[in-house]
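Residue numbers (my numbering), protein chains in the order written: chain A, 3 to 167; chain B, 3 to 167; chain C, 3 to 167; chain D, 3 to 167. C-beta: ideal position from N, C-alpha, C; glycine also. Bear in mind the structure is a predicted one, so any value in this text is a computation, not a measurement. One structure is given below, encoded as structure tokens.
4 protein chains.
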Amino acid sequence: MAEIAEMAGVAIGTIYRYFETKNVLITELYQELENKIMKVLHDGYLLGTPVQKRFFYIIRELLRYFITHPTHFRYMEQYCNSPYGLSVHRDRLLGKLGTHNNILMGIFDEGIEQQILKELPKPVLCSLAFGPMIHLMRDHILGFIILDEVLIKHITEACWDAIKR
Amino acid sequence: MAEIAEMAGVAIGTIYRYFETKNVLITELYQELENKIMKVLHDGYLLGTPVQKRFFYIIRELLRYFITHPTHFRYMEQYCNSPYGLSVHRDRLLGKLGTHNNILMGIFDEGIEQQILKELPKPVLCSLAFGPMIHLMRDHILGFIILDEVLIKHITEACWDAIKR
Amino acid sequence: MAEIAEMAGVAIGTIYRYFETKNVLITELYQELENKIMKVLHDGYLLGTPVQKRFFYIIRELLRYFITHPTHFRYMEQYCNSPYGLSVHRDRLLGKLGTHNNILMGIFDEGIEQQILKELPKPVLCSLAFGPMIHLMRDHILGFIILDEVLIKHITEACWDAIKR
Amino acid sequence: MAEIAEMAGVAIGTIYRYFETKNVLITELYQELENKIMKVLHDGYLLGTPVQKRFFYIIRELLRYFITHPTHFRYMEQYCNSPYGLSVHRDRLLGKLGTHNNILMGIFDEGIEQQILKELPKPVLCSLAFGPMIHLMRDHILGFIILDEVLIKHITEACWDAIKR
DNA sequence: CATGAATGAGTTTTCATTCAT
DNA sequence: TATGAATGAAAACTCATTCAT
Chain A
3 MAEIAEMAGV AIGTIYRYFE TKNVLITELY QELENKIMKV LHDGYLLGTP VQKRFFYIIR
63 ELLRYFITHP THFRYMEQYC NSPYGLSVHR DRLLGKLGTH NNILMGIFDE GIEQQILKEL
123 PKPVLCSLAF GPMIHLMRDH ILGFIILDEV LIKHITEACW DAIKR
Chain B
3 MAEIAEMAGV AIGTIYRYFE TKNVLITELY QELENKIMKV LHDGYLLGTP VQKRFFYIIR
63 ELLRYFITHP THFRYMEQYC NSPYGLSVHR DRLLGKLGTH NNILMGIFDE GIEQQILKEL
123 PKPVLCSLAF GPMIHLMRDH ILGFIILDEV LIKHITEACW DAIKR
Chain C
3 MAEIAEMAGV AIGTIYRYFE TKNVLITELY QELENKIMKV LHDGYLLGTP VQKRFFYIIR
63 ELLRYFITHP THFRYMEQYC NSPYGLSVHR DRLLGKLGTH NNILMGIFDE GIEQQILKEL
123 PKPVLCSLAF GPMIHLMRDH ILGFIILDEV LIKHITEACW DAIKR
Chain D
3 MAEIAEMAGV AIGTIYRYFE TKNVLITELY QELENKIMKV LHDGYLLGTP VQKRFFYIIR
63 ELLRYFITHP THFRYMEQYC NSPYGLSVHR DRLLGKLGTH NNILMGIFDE GIEQQILKEL
123 PKPVLCSLAF GPMIHLMRDH ILGFIILDEV LIKHITEACW DAIKR
């Protein structure tokens with residue numbers, strides 16, 4: 003907390019006017035980032051276009067967002083792997099978070115229905131689609147690979163190969 | 003450290019006879035687990051069999067190992083997402099760890115050469131192959147899905163679809 | 003101070019326009035309450051009536067006051083048992099506060115002179131007269147006994163028995 | 003806590019090996035003192051002697067104890083007037099603390115039965131008997147009166163006058 | 001005059017590490 | 001070599017007070 007206060011250029015006590023607790027600060031920051039990302043995805047979303055097109059759109063936007071906001075990515079990843087984050091993950095998968103993942107889930111539902119996607123449980127499709135991306139973001143941030151537009155396209159295609167029939 | 007000592011049934015001070023520092027303990031434990039896994043993979047490894055067969059073997063064995071040792075999975079995942087772990091990851095990708103990933107890298111090299119796999123950078127192939135698995139292990143541990151043999155087969159096939167030409 | 007400001011419906015800073023310091027606020031509030039009580043006692047006071055009558059009057063009025071103003075009682079008691087209050091108590095007993103306790107002290111002086119009361123030091127008479135009352139007020143506030151008029155009468159008589167010859 | 007640690011001649015952290023929390027420390031210290039006092043009262047207790055004799059014994063012993071342990075008195079009084087202490091007081095009166103007050107309650111029960119004492123609720127008798135004593139202890143500690151054996155005798159007699167028929 | 005966000009010294013609590021036995 | 005009580009630096013949190021608006 004001392005370090006955060008210093009970087010924010012305020013006194014320690016000031017933080018506590020805005021966040022009841024360190025835990026609250028951590029959780030609310032996570033939620034804020036998540037909302038930001040969801041907003042980005044929603045804003046340019048192409049309702050009514052074919053499943054594949056929407057899928058490509060989402061993967062590309064997510065990667066772009068994280069590439070331009072690497073600290074957001076680092077934070078969210080660390081959060082999800084901490085005791086704090088487990089419950090969030092749980093809520094996500096159980097669909098409690100409602101509107102958020104509807105975009106993704108909608109694509110999967112539709113894709114399965116139209117027999118475009120493999121008939122696998124949604125958590126599995128989810129992992130096939132996003133697992134690689136998350137890994138690659140880390141490599142990108144650490145400087146091991148450079149995710150340019152061409153590579154992103156290849157990766158997205160590979161992920162699509164994983165989930166499509 | 004107090005908690006670890008208690009669970010180990012020794013005095014706190016005793017830990018420090020075996021591990022100079024908490025950090026050392028954490029890192030050495032990680033390396034021990036990693037070695038264990040590498041040994042498992044090596045032991046039953048089918049040198050000389052076709053690329054796909056070896057790939058399936060590795061994914062299956064890893065999932066099996068983690069399913070029977072969920073605490074190992076949790077620990078390694080948490081470690082890799084902590085400041086401790088970043089350096090390990092870096093070493094891994096830069097090939098410093100030598101022998102370990104040679105199995106995997108060997109498959110990828112061979113697969114690319116034989117034009118079986120997509121011609122993508124190895125970190126990308128790596129993520130396509132293992133990213134989904136890691137995600138799904140978490141879901142499995144949290145009880146959201148049950149990774150039985152059938153599902154594992156489907157998932158492995160999907161991962162193969164992602165990396166194969 | 004924040005809590006007080008909120009309950010008073012003013013901003014925190016406003017308090018400091020009326021009370022230089024938290025300590026000042028605490029002490030002045032105590033004195034205000036004390037003055038209020040003294041005023042009540044003085045107002046209906048029966049100068050010139052027999053010692054016993056006056057004694058009964060005081061005990062009764064004090065109990066009535068505290069029963070109708072339990073928060074005043076709680077506050078004064080807590081104040082007297084805090085480091086703040088010790089000095090007040092000291093002043094009281096040393097007679098510095100002048101007029102206030104004169105009523106009580108007058109009764110004791112007179113009573114001793116007329117050989118109605120035991121010839122004990124005034125602090126002792128004071129304790130015999132008021133000690134029980136204070137204890138019982140606490141029990142009343144906590145709901146362990148209900149101090150109705152009948153019980154108050156019995157208690158006052160008992161206190162009188164304690165100090166009378 | 004820092005001050006306590008310093009006075010105890012230990013490091014701050016050491017306190018927490020013996021008391022989980024500041025609150026626990028405060029409460030346990032109170033209970034220890036209470037037990038000590040109860041032990042003193044029990045030890046020399048004259049079972050089977052007349053009610054009055056036992057009453058005198060208790061008042062005398064209590065005063066003696068507090069006179070020789072003024073800090074104990076200060077601590078217990080402050081504790082009882084703090085939010086911590088209210089619950090203790092509640093338990094006491096509701097008889098939950100069992101054996102402790104049985105000595106006192108026993109005297110009151112017997113005294114009422116034998117028609118020696120006034121037929122008042124026990125909390126009232128309790129206050130009449132101990133209220134003055136508590137007040138006087140404070141005066142004694144502050145140096146306003148000196149409770150010598152003679153004065154103690156007079157006070158005890160006065161308290162007896164208050165509760166006896 | 002009133003406001004309330006900002007302050008930061010002070011308090012409680014934690015926990016990796018040490019060291020006398 | 002094992003023990004675990006003691007350590008104290010560092011962390012989280014509180015709250016009376018200030019001061020620019």
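- [ ] Report back the beta-carbon spacing between B/I165 and B/L130 to the nearest angstrom; my notes put them in contact at under 8 Å.
- [x] 5 Å
- [ ] State the DSSP-derived secondary structure class of A/K166, mapped to helix, strand or coil.
- [x] strand
- [ ] Hey, could you find the ends of the alpha helix (DSSP H) C/Y59 is sitting in?
- [x] 53-70
TODO: Check the Cβ of D/K120 against every Cβ in chain C and list those closer than 7 Å, keeping chain order.
DONE: A160
- [ ] Check the C-beta distance from A/F68 over to A/F57 and give it rounded, since I have them as a contact under 8 Å.
- [x] With a Cβ gap of about 17 Å, A/F68 and A/F57 do not count as contacting.
Task: Unbroken alpha helix (DSSP H) run spanning B/S129, endpoints - done: For B/S129, the enclosing alpha helix (DSSP H) begins and ends at 124-144.
Task: Pair within 8 Å by beta-carbon distance, D/I60 and D/L43 - done: yes
- [ ] Using 10 angstroms around the beta-carbon of A/D141, count the other beta-carbons present and answer buried if the total reaches 16, otherwise exposed.
- [x] The residue in question, A/D141, is buried, as its Cβ has 16 or more Cβ neighbours within 10 Å.
Task: Distance CB(C/I157)-CB(D/V126) smaller than 8 Å - done: Yes.
Task: Neighbour-count burial assignment, B/A10, 16 or more Cβ in a 10 Å radius - done: Counting every other CB atom within 10 Å of its CB across the protein chains shown gives B/A10 a total below 16, marking it as exposed.
Open item on the list: Could you check whether A/Q33 and B/N83 sit closer than 8 Å to each other, using their CB atoms as the reference points?
Closed with: no
Task: Within chain D, the residues that C/H156 reaches when beta carbons sit closer than 8 Å - done: K120, L122, V126
TODO: Could you name the residues of chain C that D/D111 contacts, counting a contact when the two beta carbons are closer than 8 Å?
DONE: Simply none; closest approach about 17 Å.
Task: C-alpha gap between B/G87 and B/E30, whole angstroms - done: 12 Å
Task: Straight-line gap, A/I14 to A/I28 (C-alpha atoms, nearest Å) - done: 16 Å
TODO: Kindly say whether C/I28, judged by its beta-carbon, lies nearer than 8 Å to any beta-carbon of chain D.
DONE: It does not; no Cβ of chain D falls within 8 Å.
Open item on the list: So A/N104 contacts chain B; which residues on that side make the cut at Cβ distance below 9 Å?
Closed with: Result: empty, since nearest Cβ-Cβ is about 18 Å, beyond 9 Å.
Open item on the list: I believe C/R167 touches C/L119 by the beta-carbon criterion, under 8 Å. Please report the beta-carbon distance rounded to the nearest angstrom.
Closed with: 6 Å
TODO: Compare the C-beta of D/L99 against all C-beta atoms of chain C and say whether one is closer than 8 Å.
DONE: In this prediction, D/L99 has a pLDDT of 45, which is less than 50 and means its spatial position is unreliable; nothing more can be read from the coordinates.
TODO: Tell me where the alpha helix (DSSP H) around D/E22 begins and ends.
DONE: No alpha helix (DSSP H) contains D/E22, which DSSP labels as neither H nor E.
Task: Alpha carbon of A/E151 to alpha carbon of A/R66, nearest angstrom - done: 9 Å
Open item on the list: So, at 6 Å on beta carbons, what are the nonlocal neighbours of D/T16 in its own chain, with the 5 sequence-adjacent residues on each side left out?
Closed with: Take D/T16, set aside five residues on each side of it, and no residue of its chain has a beta-carbon closer than 6 Å to its own.
Task: Short CB-CB distance (under 8 Å) between A/Q80 and chain B - done: Output row for A/Q80: interface = yes.
TODO: At 9 Å on the CB atoms, spell out the chain B contacts of A/P72, in chain order.
DONE: Contact note: A/P72 does not reach chain B at a C-beta cutoff of 9 Å; the least C-beta distance is about 13 Å.
TODO: For the region 41-58 of chain D, enumerate the residues whose C-beta is nearer than 9 Å to any C-beta of chain C, in chain order.
DONE: none
TODO: Let me know the secondary structure DSSP gives C/L43 once reduced to three states.
DONE: helix
- [ ] Could you give the DSSP three-state label for A/L48: helix, strand or coil?
- [x] Note: A/L48 maps to coil in three-state DSSP.
TODO: Would you list, in chain order, the members of the region 137-155 of chain D that have their beta-carbon closer than 8 Å to a beta-carbon of chain C?
DONE: Correct list: H137, L138, R140, D141, L144, F146, I147, L153.
Task: Proximal residues of chain A, C-beta to C-beta of B/I165 below 8 Å - done: A160
Task: B/M78 beta carbon less than 8 Å from that of B/L35 - done: A contact, by the Cβ cut-off of 8 Å.
Open item on the list: Going by DSSP in three states, D/L35 sits in which element: helix, strand or coil?
Closed with: helix
Open item on the list: One question on the structure: do C/C161 and C/P134 come within less than 8 Å of each other, judged by their Cβ atoms?
Closed with: Yes, the Cβ-Cβ distance between C/C161 and C/P134 is below 8 Å.
Task: D/L119 - partner residues in DSSP beta bridges - done: DSSP, once it has assigned bridges, lists D/K166 as partnering D/L119.
- [ ] Would you check if the distance between the CB atom of B/V210 and the CB atom of B/E112 is smaller than 8 Å?
- [x] Outside the modelled stretch of chain B, which goes from 3 to 167, sits residue 210 of chain B, for which no answer is possible.
Open item on the list: Applying the 10 Å Cβ sphere with the 16-neighbour rule, what's the burial state of A/K155?
Closed with: exposed
- [ ] Drop a sphere of 10 angstroms on the beta-carbon of B/L48, count the other beta-carbons inside from all chains shown, and report buried for 16 or more, exposed for fewer.
- [x] exposed
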